[in-house]
Structures are given as structure tokens and as C-alpha cells.
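Protein chains in written order, with this note's numbering: chain A, -2 to 455; chain B, -2 to 455.
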């Protein structure tokens, strides 16, 4: 047993500490395909802030890096251990501590599942908007650490827009509370925003206070079926030009529609090549009119069929297909999920580049997208174990990143940097800005134990 | 002439540099009553990012602190010079560089006036929401540096919610661009959010990219006239309990209504003691119903009269009184503006504490409030030159801050810390969190030249 594991066993309940190599494997990495990882020295499943602090202090004592994790649903390798590290799981700190209807906020432990928080808010007529695809499994702590997005971002923003306050164990092992419970506040630097999306490199989140909204209005669903990917892309731009603010605007291409059909026999591909699903939650007649406008915008952009769903049930049915896109794609092979985000006038050029890159490398690329905010998820499909295919997909992945930067976009809209996109971060930000990041990390984590080497090169 | 002034004159156009002591006075401080300040060595009125960079480099060379300013409308002393410092005015960098309707964003120089940006956005059917009371005079650079709020925050958030990207001259004299133009992005730390509200202590903002919204819906105005301050406070809490989301909810007490009447003869005080003005911008019949609900909530809470304004003209007339509150108060004496923000269930207790503190110190305290987000602006009125009164007002100011912290609030909702509330910041955040601030400042401003001593003690 390593020294750090012995120290952890000496200062924590035995049940908290896993040192069995086989049992540790499940905690050693997230869901990023191709992400490097190594065998940790120990996994701690903390039950309290005190135990998190004791774990960090033990790591400080031994100079051992520590990586925190929630449910491990990340897609960038940010929660991956390296050999000898300590993994800190927050999954047991899973209590909703407060839902306050007057100030419209909730206080939760980091291991609370996104859908649990949403359900707790709904019981009080409130709504927690950020809705990553992983919402049934991912934790709020992980959502905050990665600044998770989702489908409703197009109108309602991302996780950072909802985090009011945090309790954090810093890189020096102190427990601090930052942020506030009030609607406004300008006292001091935005340390809450800084920690949100920092992927565990600046501190470990042990409590989260989030802003809530009133329960949302019923939505109207607008479905558009297009003869090809690019006409659907043009419809996305046209919807923005028409001044629409959809509450959701999602795209699925032929590969994904086919994959869903092959699995669930929904008859989607008899309709068309690419599907756009929009939603409008503006209340009343105004909302009805906006939904009709969106359908008309889809038709003008080239949709062979576009209509407002008759009722919520029909809307849900169409939406079920969108939710099945990822699991359906996984039936095609090993999936590497891209996550680029471009300005709205670059959606069509970016889709063109993705198609061209896929063709040139002979890589199957399926396209799902939070199209309304230009956040594209090309899914690179490879045959498991086919290293030649994998090599080509690797090159395609890199070229998609380069193309997105050329078009004024960002290399990650919501999945984060982790290890997979570290080089991309350097390309996007440039060294002077990376140096600012290094200085900030050194300020909050002076001993360099907090998930070092993730996000940017040390 | 000082060495730093000579260096500045050597590297900048002569017209940029003011060294005449009389001419420099107008640039040496902001509008905070009681804020300490000293005579600078030089004032630079920069025309470009290059000139800002040259100024910062000259300051680095001489180890001279530098304080940036826009229009100088701040209320916390953050833009005040100390003896021998360099003042950098951004007022000449006043161009709107781009308004992009598709991505709903604008790129502006820091010296653009808030109202100019709003007008430029309106020309394209877009809206820049943050609306500090200083909007006709204050600059976007200053708004970003202080994370300015305003009246529409209650529904639409503050400046930080709208800043997408910044160009900044750092404490090491480098020009960097941080942030993005895309709707989403998670690449690296939120340096944009960190700089927003940092009051010039981390870097100097030379370009701002802001998010815009579609032009807003017509609003309905609801006026409530209350027999006393506390029943109005109860109505604010009741409006939140009723699940309303007003687009504005403002309070004016008897002292301010009387001051406006004495000046403009609007007949407000014949109506009642305290006025609440609410607005609703939900479209259509839903909005009409919400406005009626708000009027009913006001009546149940004790309003002697509460009604939805007949038309926009009547709504504007009532609103004019709210806009006149500050200039009217200034006719009563020297005003020190407080700016505490409390959770919504603490609005009534906080108003009670303010009244008690005013009575006990024999200090006239008028109350204006962005009541809907618990952001109270007690205005402490003193007779110019009456030092005994001033001493009592000072003590009242300190006690209001202490009371707000006791009630779980923050000592500044939107005006910032500067010098006036520096001790309050230490009390609110605690030393471990202030230490994080010091570490962050040392990281971005390693030579300590960026507005040192503001916000927190060095």
C-alpha cells in the first residue's frame, strides 16, 4: 500500500477508502474515449466537507495530485486519474439541503444528480434549467466543474448562469464559502464564476447554491424535415435572422435518424435526410404565432415538410428520437464526441467543413447539434479495435478543431477541455492568455495538487 | 514635472497628457461623497489600445500606480487617484465598432456611453439591458469594471450576464483578448467574469463585446401607494411569493416623494407615504393578467391605492418621478448613497433596521430601492459642512452595513467596493477569501500597479 493510502486510511473511516486495484478501476476515468488514464493510489468516497478537507490535506502532506469526480459522465478526460493519484468521489454527498421559493434558489451537495435537483425544484413550482444530455446521471458538482450546457441553453443559458455560491476546499486545504444568496452582489472578484468550469484544477466543490426559475411555460414543438444537412443549417441561421428566440433548436442528421430507425423503427428516414426540432415557450397567442413563423422559416429554407406539432404528445414523440441519438450512435461503433461551437452565421460553413473532413479521411461522422446556439456535436464513429480507422478519426478530430477556430468558433461549447482538447485550448487562447491561466492556478493551488495537467499544459 | 509625466509625454502625443494640476482635478475622483483622493502626477486621455499599453508600460517602468476611469460616475471611490498616481481616461475611446444582429452582440470601445450602446442596439431591433441610473453618462468600460446593475436586473440580470469578451491590458503591460463571440464556450477559466467587477485592480479594459437581446416587449406599469414603508416592503415579498417576475419593481419612500413634489409639484404625497412601481413585460393576455395580479398583491399588502396604468404615457409619468428621486434628494443636502442587497424575505426587516438606525443617529435617511431584488439604496442626507451631522451619518452608514450582513445580505448590490466599503468587504468575505483575492491580484498584477488598495486591503 502506498504512503498516501495509509495516511488516508488513518484519518478517514475505513469504508470511505478503496485501495483494491480492481475496485478502483470504475473510478479511474470518465467517459471520454481515447482519454489517457492511470491507476490511482486510492479512491476516497467522502461523506462530508470535513472528509474532503482531510483528503486534500493528506494529499498536500504527500504532494499527491487529487482528481475529484461526480458520476464520471464527462467526455473530455477531465476526471481521469494518473498513476499514483488520489481520486475523490463526491457521489455520497447527495442531499438537497434547501429549496427556497421566495429567493428562488436551492442549496445542494455536489453529488446530487441533475435530474434530482430538477425534480426537487419542480415540487416547489420552480425549474433548474441546465439540462446536459447526462442529466439523469451526472451530478451538480460535475456540472459546475465543467460548466455544463444542454438543450435549453439557447434561451436559458448554461450552468455558470445559475451558480450563486459555492463551498470549496482550496488547494491549500482550506474550506471557504464564496458567492451569495442575494439577487445581486458586487463585493469582490467573481470567484464563483472562476471555479465554475475550472474542471477541478482550482479547488473541490463541496456545496452549491443555484438560482432557480419559475416552472416553465408549456412549449410548442416545431419539426422540420430537410433534404440535406446544409439546408437544415441554413434554416438555423434563418431562424436567428427572423428574430426568433426558440427555447430549444436541435439538429439530427441522416446517420443518426437511420440509427434510431434501425433500432426503434420510428420511420424517421422515410420523411427526410435531416431533422430540425425547434421549441417555443413564449406564452399565449404570441407563442403560437412564433411557432408558425418557425415552421414557415423552415419551409423557406428548404424543408420538405415543416409543421407545429398538434399537441404535447406528438412533440414528445419527436423529441424522444433526439434523446435516442447518442445511444443509437453507440450501436454503430465506438463514438468520439466532438463539441465545437461557432457563430450563427458560420453554422453552414462549419457543417460543410465537417462533411468534407469526414469524406477525406473516410471517417463516418454523424451530426447532432444544439444548432440554435451553433454548438455542433459531430460524432466520429470507428469500428472497435480498428487502429487504422482510429488513426484517421484522430486526424479528422484535429482538423474539425482547426476548422472551427478558423471560422471564429470555440473548440468546446460545453464538454470541456480535460486532456482531449488541451492542445486545442493552447491554439484557441494563445500563450499569453494561457500564462494568465497558469498564474491563476498557481494563486489558488500553489502546491499544484489539484488535477494538474488538465485543461492546459503545466 | 514628475519622472512618470516626462516619460508619458515622451511616448504619447502631447494632446493626450494633462499635467496641469487644476486641469487634473476633474479627473482625480469619482462621485463618491467622502471618498479619499489625492493629486495625480498625470492624466492620460488615451485614443487607442496602443496608447493604453504605452501608458501601462510607462507606469511599470516607474512603479507608478494607475487608475482607469470612464465618466467618473462611480459611487464608491474606485476611480479615485492617490497622490502621484497616473489617471487613465478612456473617454476618447468611444466608438461602437459592430452591432451583429445574427449573433445578437455588439463590440464597443470602453468609452461608449451606456445610452449610446442602447441606442445603437435599438437601431437594429436589439436591446442592451443593463440600465444603471447613470446610463445617460456612464461608460460601458466603467459599467464592466464595476459590474453595473440597474432597474431591469430584477428580470434581466447585471452587466456580467452580458459581457462575452474583453480586450484587456494586463498588469504586465500585455494586450490580451479573453472570452468569445459564440453563444456557449467552456475553454479555460472565466477570465472575462473575473475582470468584470474587478474595479480596475486586475487590468484595463480596452474593448468590450456584449451580448444583446431582442427589443423588449411593451411593459405594463403597476403603481401601488402605501401608508408606510413597511407595508410596501411586505408587498415586495408578497409579489415574490405570488410567483411574479416583474421586469422592474422600484420603491420610493415619503422623503423622496416629498422632495420630488417640492421640486416638480407632481402631487405624489397627496396619494400616500410610499410608492411601489412595478412593471410586467410578459406578452399578451398573460401579461395583462400578471399586472392585475400585482395590483391585487399590492392591495392585499396594504396599499391604499393600486392600479395598472391606463396606458404607456401614464406609466412613463409615474416612472419620471422615480428617475427624479436622486436629483430631488440632492436638493435636500449632501447625499451618501448606500447600496445593500438582502434576500427577499429580509426586505422588511432591513427596512425596519434602516429606519431605526436613522432615528437613533438623528440622520435623515431617504429610501429608494430596486426592491424586487432586495437591493436597497438608503440615501443618507447631511447638511453641507456640518461635521457633527456627518459624524453621525458615518456611524449610521457603518451600522447599515453591519445590519445587512446580519440579515444574510451583501454590502453592495451594484455600486461596488472602491474605498468606501473596503472594510465592509473584509467583514463580508472573511480573511481566507480575501487572501484568495490577494493571490488572484498578485497573479494578474504582479507589480501591484493596477489601482492598488481599492476593493481590499493590500
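Every residue, glycine too, gets a C-beta built ideally from N, C-alpha and C.
In the DSSP secondary-structure assignment, residue 123 of chain B is bridged to B/211. The closest CA to that of residue 256 of chain A, considering only A/363, A/135, A/171 and A/49, is found on A/363.
A Cβ-Cβ separation of about 5 Å places residue 407 of chain B in contact with residue 179 of chain A under the 8 Å criterion.
Listed as beta-bridge partners of residue 163 of chain B by DSSP are B/175 and B/205. Straight across, the Cα-Cα distance linking residue 16 of chain A with residue 81 of chain A is about 11 Å. Between the segment 409 to 419 of chain B and the segment 193 to 209 of chain B there are three or more C-beta pairs closer than 8 Å, enough to call the two in contact.
Residues of chain B with a Cβ closer than 8 Å to the Cβ of residue 279 of chain A are, in chain order, 280.
Of all residues in the segment 402 to 436 of chain B, those with a C-beta nearer than 9 Å to a C-beta of chain A are 405, 406, 407, 408, 409, 410, 411, 412, 413, 414, 418, 421, 422, 425, 426, 427, 429, 430, 431, 432, 433, 434, 435 and 436, reading in chain order. Residue state for residue 222 of chain B is assigned as strand, using DSSP reduced to three classes.
DSSP places residue 383 of chain A in the coil class of the three-state scheme, outside both helix and strand. Taken through DSSP and simplified to helix, strand or coil, residue 324 of chain B comes out as helix.
For residue 334 of chain B, the secondary structure class from DSSP, reduced to helix, strand or coil, is strand. In this structure, the CA atom of residue 28 of chain B is about 29 Å from the CA atom of residue 276 of chain B. When A/310, A/270, A/285 and A/281 are compared, the shortest CA-CA separation from residue 300 of chain A is found for A/270.
The alpha-carbon of residue 388 of chain B is positioned some 57 Å away from that of residue 419 of chain A. Taking 8 Å as the cut-off, the beta carbon of residue 101 of chain B is found closer than this to the beta carbon of residue 210 of chain B. Neighbours of residue 99 of chain A across chain B, judged by C-beta separation under 9 Å: 234, 237, 238, 340, 341 and 342. Annotation: the continuous alpha helix (DSSP H) that includes residue 420 of chain A extends over 419 to 426. Comparing alpha-carbon positions, the option among B/39, B/375, B/13 and B/280 lying closest to residue 212 of chain B turns out to be B/280. Among the residues facing chain B, residue 152 of chain A is not included, as its CB has no counterpart in that chain under 8 Å away. The C-beta separation of residue 306 of chain B from residue 217 of chain B comes to about 7 Å, placing the pair in contact by the 8 Å criterion. The Cβ-Cβ distance between residue 46 of chain B and residue 219 of chain B does not fall below 8 Å. Cβ proximity to chain B below 9 Å picks out 367, 369, 370, 371 and 372 from the segment 352 to 373 of chain A.
In the DSSP annotation of this structure, residue 362 of chain A is not part of any alpha helix (DSSP H); the continuous beta strand (DSSP E) holding it starts and ends at 361 to 367. The segment 49 to 62 of chain B and the segment 19 to 34 of chain B do not touch, with fewer than three beta-carbon pairs separated by less than 8 Å.
Rounded to whole angstroms, residue 14 of chain B and residue 316 of chain B show a C-alpha spacing of 42 Å. Distance check between residue 251 of chain A and each of A/292, A/204, A/318 and A/231 places A/318 closest, using alpha-carbon atoms only.
Listed in chain order, the non-local C-beta contacts of residue 113 of chain B below 8 Å within the same chain comprise 91 and 93, local neighbours out to five positions each way being set aside. Residues are counted here when their Cβ sits less than 9 Å from a Cβ of chain B; for the segment 47 to 60 of chain A the count is zero. Of the residues assessed, residue 68 of chain A falls on the buried side of the cut-off, its CB having 16 or more other CB atoms within 10 angstroms.
122: these are the residues of the segment 117 to 128 of chain B whose beta carbon lies less than 8 Å from some beta carbon of chain A, given in chain order. Straight-line spacing of the CA atoms in residue 368 of chain A and residue 59 of chain B works out to 51 Å. Residue 181 of chain B and residue 245 of chain A have their C-alpha atoms spaced approximately 14 Å apart. Taking every protein chain shown into account, the CB of residue 383 of chain A has fewer than 16 other CB atoms within 10 angstroms, so this residue is exposed. The beta strand (DSSP E) runs lying completely inside the segment 260 to 284 of chain B and spanning 3 residues or more are 271 to 277, given in chain order. The C-beta of residue 309 of chain A has fewer than 16 other C-beta atoms within 10 Å across all chains shown, which makes the residue exposed.
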